[in-house]
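Enquirer: Under this note's numbering, the residues of the sequence shown are numbered 406 to 815, in order. Quick reminder that beta carbons are idealized off the backbone N, C-alpha and C, glycines included.
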Amino acid sequence: MRVLVLNCGSSSVKYQFIDMDGEKVLAKGLVEKIGLHNSEMSHKRHDNVTYTVEKEILDHNVAIEMVIDILLSSEYGVIREKSEIDAVGHRVVHGGEKFSGSVAITDDVMKTLEDCSGLAPLHNPPNIKGILATMKLLPQAPQCCVFDTAFHQTMPDYAYTYALPQNLYRKYGVRRYGFHGTSHRYVSDRVAACMGRPYIELKIITCHLGNGSSIAAINCGKSVDTSMGFTPVEGLVMGTRCGDIDPAILLHVMEKEDLTIQQANNMINKHSGLYALSEGASSDMRVIYNDGEWTRDHVHKLAMEVTAYRIRKYIGAYAAAMGGLDAVVYTAGIGENAFYLRALACSGLEFLGIKIDPEKNFKASAMGEWRGLEKAVTTDDSRVQVWVIPTNEEIVIARDTSIIVSKNKK
Ligand code: ADP
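1) Measuring CB atoms only, is the region 546-557 touching the region 505-524, in the sense that at least three cross pairs come out at less than 8 Å?
2) DSSP three-state label for SER770, please.
3) Under three-state DSSP, which class holds TYR567?
4) Do the region 562-572 and the region 776-784 touch if we need at least three Cβ pairs shorter than 8 Å?
5) Hey, could you find the ends of the beta strand (DSSP E) MET446 is sitting in?
6) Go through its chain and collect everything with a Cβ distance to ASP731's Cβ below 6 Å, but skip five positions before and after it.
7) What do you reckon, is the C-beta of ALA743 under 6 Å from a heavy atom of the ligand ADP?
8) Any heavy atom of the ligand ADP closer than 6 Å to the CB of ALA750?
9) For THR806, report the span of its alpha helix (DSSP H) as first-last.
10) Applying the 10 Å Cβ sphere with the 16-neighbour rule, what's the burial state of GLN558?
11) State yes or no: is the C-beta of LEU682 within less than 7 Å of the C-beta of ALA708?
12) Find out if the Cβ-Cβ distance for the pair SER588, THR796 is shorter than 7 Å.
13) Within the same chain, show all residues whose beta-carbon is closer than 6 Å to that of GLY617, passing over the 5 residues directly before and after it, in chain order.
14) Less than 8 Å between C-beta atoms, sequence neighbours within five positions excluded: which residues of the same chain meet that for GLY678?
15) Confirm, please, whether the CB-CB distance from ARG581 to TYR565 is below 7 Å.
16) Let me know if HIS442 comes out buried or exposed under the rule of 16 or more other beta-carbons within 10 Å of its beta-carbon.
17) Less than 6 Å separating the Cβ of ARG602 from some heavy atom of the ligand ADP?
18) Does the Cβ of MET709 lie closer than 6 Å to at least one heavy atom of the ligand ADP?
19) Are TYR735 and ILE610 closer than 7 Å when you measure CB to CB?
20) Identify the continuous beta strand (DSSP E) that holds ASP630 and give its terminal residues.
21) Please name the residue, chosen from ILE720, LEU655, TYR604, GLU660, that lies closest to THR631 on a Cα-to-Cα basis.
22) Give a single yes or no on whether ALA737 has its beta carbon closer than 6 Å to a heavy atom of the ligand ADP.
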């Protein structure tokens with residue numbers, strides 16, 4: 406079976422076309438700046454033949470049509486007929502409490518997705534647009550949704566409940582949902598395989614550190630807590646999001662600075678995190694710590710320390726939540742590369758049984774020979790193993806889609 410995986414954001418469509426026989430990525434690419442005048446498409450085939458174009462791409466319909474056309478192209482493509490796309494798997498951000506796993510798309514599912522849009526007003530509407538456009542363009546292909554929130558639906562009520570008036574939960578669904586579930590699920594499963602231990606026996610903490618970052622506690626194969634909450638703002642320090650703060654700060658600042666709701670929202674989502682800690686230098690970890698040097702000594706050192714300290718606190722908290730710990734996993738752009746952040750976040754955790762091996766930790770980084778590989782970065786006698794595992798959300802989406810579609814065919 407060949408599965409087209411689509412990740413439709415507000416102004417972008419990321420895609421991978423995967424042959425499930427051998428899980429080979431036949432082609433992948435990105436359409437960006439949809440709706441702006443300088444939209445771009447970049448496409449790469451499995452044999453590294455590439456294609457890029459800059460032109461006006463009005464909406465998601467046009468973007469997905471371009472994706473299908475390039476897959477069909479005789480020069481850059483990999484198929485001759487649309488019917489060779491056997492199924493489509495969509496990344497959908499919010500499945501609310503309705504979806505605890507991936508599902509085939511039906512009219513009922515579409516209605517529920519619309520209902521969940523209020524919970525993710527920036528993310529679910531473009532996901533829905535992408536599904537509707539694909540239905541029109543590929544009417545023969547069955548489609549499935551894989552949700553960012555689904556993996557965390559196993560959290561116990563005492564982990565997802567906020568100590569706020571409980572009618573807010575009943576009226577508006579205010580509770581912890583968590584995100585990046587597909588990534589946490591993939592890397593936790595992989596670490597068990599790498600360690601040669603049964604997934605359902607392990608206590609694992611997974612740190613997904615990218616532009617958005619979250620950490621999850623996975624006990625015996627089930628997510629039991631995670632740092633992102635009702636929205637993806639809570640938890641760790643991120644590129645431009647603040648993570649945990651005293652909620653009363655917002656009210657105080659809104660009053661003092663006369664901020665609108667939109668301005669306050671921009672402050673915590675777009676002008677905080679690493680960007681704010683580095684006094685506006687960058688939200689990009691590579692600028693904060695460039696080739697092993699602080700680019701602006703004190704300010705950037707503090708930015709790194711605040712970020713690392715938050716991760717360390719969560720590791721301690723989640724070890725306590727699970728009553729033990731077997732493995733910690735780092736993944737995504739920062740987690741897979743920033744060896745200095747991993748070392749700092751794990752420093753002082755020897756009492757938990759974590760002993761980082763500095764040489765291995767460096768090797769598993771952007772500058773090291775283990776770049777892009779699945780590797781343990783702890784000493785051989787470390788009781789808890791720390792692993793670097795590159796994430797692969799697309800393969801999880803393709804696998805779930807292929808399983809659901811095969812089952813429905815029977
Ligand atoms: P997204 O959340 O958008 O999927 P990624 O997982 O691609 O993000 O991660 C993006 C982040 O990874 C950026 O903050 C970038 O600074 C960081 N990053 C990428 N490469 C490196 C590197 N070599 N060293 C440190 N950080 C890196």
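Expert: Answer, in terms of the structure:
1) yes
2) Here the question's residue 770 lines up with position 365 in the sequence shown. Three-state result, SER770: coil.
3) Counted from its first residue, the sequence shown places residue 567 at position 162. Of the three classes helix, strand and coil, the one that applies to TYR567 here is coil, per DSSP.
4) no
5) Translated into positions along the sequence shown, residue 446 becomes position 41. Counted as a single uninterrupted DSSP element, the beta strand (DSSP E) harbouring MET446 occupies residues 445-450.
6) Within the sequence shown, numbered from 1, the residue matching residue 731 stands at position 326. Non-local C-beta neighbours of ASP731 in its own chain, meaning closer than 6 Å and more than five positions away in sequence, comprise LEU607, LYS608, ordered along the chain.
7) Stepping through the sequence shown from its first residue, residue 743 is reached at position 338. Yes; taking the cut-off as 6 Å, the Cβ of ALA743 has a heavy atom of the ligand ADP nearer than that.
8) If you number the sequence shown from 1, residue 750 lands on position 345. No.
9) Counting from one through the sequence shown, the residue named residue 806 turns up at place 401. THR806 -> alpha helix (DSSP H) spans 798-814.
10) For the purposes of this step, residue 558 is taken as the residue at position 153 of the sequence shown. With 16 or more other Cβ atoms within 10 Å, it is buried.
11) As a position in the sequence shown, residue 682 is number 277, starting the count at 1. As a position in the sequence shown, residue 708 is number 303, starting the count at 1. Yes.
12) Counted from its first residue, the sequence shown places residue 588 at position 183. Counted from its first residue, the sequence shown places residue 796 at position 391. Yes, these two residues count as a Cβ contact at 7 Å.
13) The sequence position of residue 617 within the sequence shown is 212, counting from 1. Cβ within range, chain order: PRO637, MET643.
14) In the sequence shown, residue 678 corresponds to position 273, counting from 1. Same-chain partners within the cutoff: VAL642, MET643, GLY644, THR645, ARG646, CYS647, GLY648, SER688.
15) Residue mapping note: residue 565 aligns to position 160 of the sequence shown, counting from 1. Residue mapping note: residue 581 aligns to position 176 of the sequence shown, counting from 1. Contact flag set, yes.
16) For the purposes of this step, residue 442 is taken as the residue at position 37 of the sequence shown. So HIS442 ends up on the exposed side.
17) The sequence position of residue 602 within the sequence shown is 197, counting from 1. No - the ligand ADP has no heavy atom lying nearer than 6 Å to the Cβ of ARG602.
18) The count along the sequence shown starts at 1 and reaches residue 709 at position 304. Taking 6 Å as the cut-off, one finds no heavy atom of the ligand ADP near enough to the beta carbon of MET709.
19) Taking the sequence shown and counting its residues from 1, one reaches residue 735 at position 330. Taking the sequence shown and counting its residues from 1, one reaches residue 610 at position 205. No; because the gap between Cβ atoms is not below 7 Å, this pair is not in contact.
20) By 1-based counting over the sequence shown, the position of residue 630 is 225. Residues 627-631.
21) As a position in the sequence shown, residue 631 is number 226, starting the count at 1. Checked all of ILE720, LEU655, TYR604, GLU660; the closest Cα to THR631 is ILE720.
22) In the sequence shown, counting from the first residue as 1, residue 737 sits at position 332. Yes.
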